[in-house]
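Residue numbering for the sequence shown follows our numbering, starting at 10 and increasing by one per position.
Even for Gly, the Cβ is constructed at its ideal location relative to N, Cα and C.
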Amino acid sequence: MHSSFINSLSLAALPRHRVQARAMLLEAGCETDRVFLLKKGTARGADGVVYHEGHVLNFKEFLAASHFVTPIKAQTECDIVHIPRTLIRERLCIDNPLTWTIARCFAAEDLALRGVG
10 MHSSFINSLS LAALPRHRVQ ARAMLLEAGC ETDRVFLLKK GTARGADGVV YHEGHVLNFK
70 EFLAASHFVT PIKAQTECDI VHIPRTLIRE RLCIDNPLTW TIARCFAAED LALRGVG
């Protein structure tokens, strides 16, 4: 998922790491305490979703759940930025504190309809 919202965040001070090709980027069961922005490379989820530079990995699972369900594997060498849940929540709630709750509800409903989790 490309997101102008994510691109509007100040990412300079956030942690980053590099993952080699064919390595696991995101394991099922990892806590959703942060979301991952793919700055470079290509990755594929076990659900068949392909992520490219600028995509946010498993954003719906990040919003809807306490743990990621779908593992993601690097297809090429990938650079990842870790964006903490608190930053996402604070930015979403600037204009209306219910935005976070509503976003989580929509994400949870979508995952339930697709049978994820």
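- Taking 8 Å as the cut-off, the beta carbon of ILE103 is found no closer than this to the beta carbon of LEU35.
- A distance below 8 Å separates the beta carbons of ARG43 and ARG94.
- The beta carbon of ASP119 sits closer than 7 Å to the beta carbons of LYS69 from its chain, once the five residues preceding and following it are set aside; these are given in chain order.
- DSSP links LYS82 through a beta bridge to MET33, ARG53.
- Membership of CYS114 in any beta strand (DSSP E) is not indicated; the residue belongs instead to the alpha helix (DSSP H) covering 107 to 123.
- Of the candidates LYS48, ALA30, VAL58, CYS39, LYS48 places its Cα closest to the Cα of LEU20.
- When only Cα atoms are considered, GLY57 and ALA117 end up about 20 Å apart.
- DSSP places ILE97 inside the alpha helix (DSSP H), whose first and last residues are 94 to 101.
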